[in-house]
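Visitor: Before I ask anything, here is the structure I am working with.
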Amino acid sequence: MRKAARQKDEDWALNVFDRAPFVTMSMIRPDGTPYGLPLSLIRGEGHTFYFHCADEGEKMDCIRANPIVSLSAVSRCSPKFETGKKNFTMYYDSAIALGEAEIVTDNAEKIMALRLLCQRFLPNYMGNFDEAIKRSLDRTTVVKITLTEPPVGKSKP
């Protein structure tokens, strides 16, 4: 990192991932070109993240061809013009991580991950969770990303 004074520790970086409304996951397509997209991720225990999707599509093609992924998140972004310095700048909290993606096949783990996602993004509707799981569990794919390196955070306060 060029500006080492802005580097933050692993726990701080995980907190950025926990607060970010979307996390960009970058992958490599089967033809070797890059592919990235924003996802609603949830962190499970420690260094494990989950998202849900359909079983078909470009991200699944990428994961099946090469399961190594990069995650990046921004949980705070505040552009500012500093009048005294006549300087344009950006204040931010960000984090990056490297991990390996795998398709979750265990139904108990899938339900746990989906419950965490719903609790984070739609907590007021958890009374409908069990019914939704009965209807859609078999056709919902859950992907687990296990970090292979500690995440790194960066901040400009």
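Each step along the sequence shown adds one to the number in the working numbering, with nothing skipped, and position 57 is 58. Cβ atoms here follow ideal geometry from the backbone N, Cα and C, with glycine treated the same way. None of the values given here were measured: they were computed from a predicted structure.
1) I'd like to confirm the pairing. Which residues does DSSP put opposite I29 in its beta bridges?
2) Just verifying my parser: in three-state terms, what is the DSSP assignment at S137?
3) Does the stretch 88-107 come into contact with the stretch 130-148, if we say contact requires no fewer than three beta-carbon pairs (one atom in each stretch) closer than 8 Å?
4) How is the beta strand (DSSP E) around L99 delimited, first residue to last?
5) Would you say K86 faces chain D, with C-beta separation under 8 Å as the test?
6) DSSP has V143 in a bridge; who is on the other side?
7) With respect to the alpha helix (DSSP H) encompassing K111, which residues constitute its N-terminal and C-terminal limits?
8) Would you tell me roughly how many angstroms separate the C-alpha atoms of D10 and P152, rounded to the nearest one?
9) Using CA atoms only, rank isn't needed, just tell me which of L42, C54, L38 and T25 is closest to Y137.
Guide: According to the structure shown:
1) BP columns for I29 point to P35.
2) If DSSP states are grouped into helix, strand and coil, S137 belongs with the helices.
3) A contact exists between the stretch 88-107 and the stretch 130-148.
4) Where L99 is concerned, the enclosing beta strand (DSSP E) starts and stops at N88 to I104.
5) Checking the listed chains, one finds no chain D in this structure; it contains a single protein chain.
6) Looking at the DSSP assignment, V143 forms a beta bridge with H53.
7) Boundaries of the alpha helix (DSSP H) around K111: N108 to F122.
8) Going by the C-alpha atoms only, they are around 8 Å apart.
9) Checking the sequence, you will find Ser at residue 137 rather than Tyr. Out of L42, C54, L38 and T25, C54 has the C-alpha closest to the C-alpha of S137.
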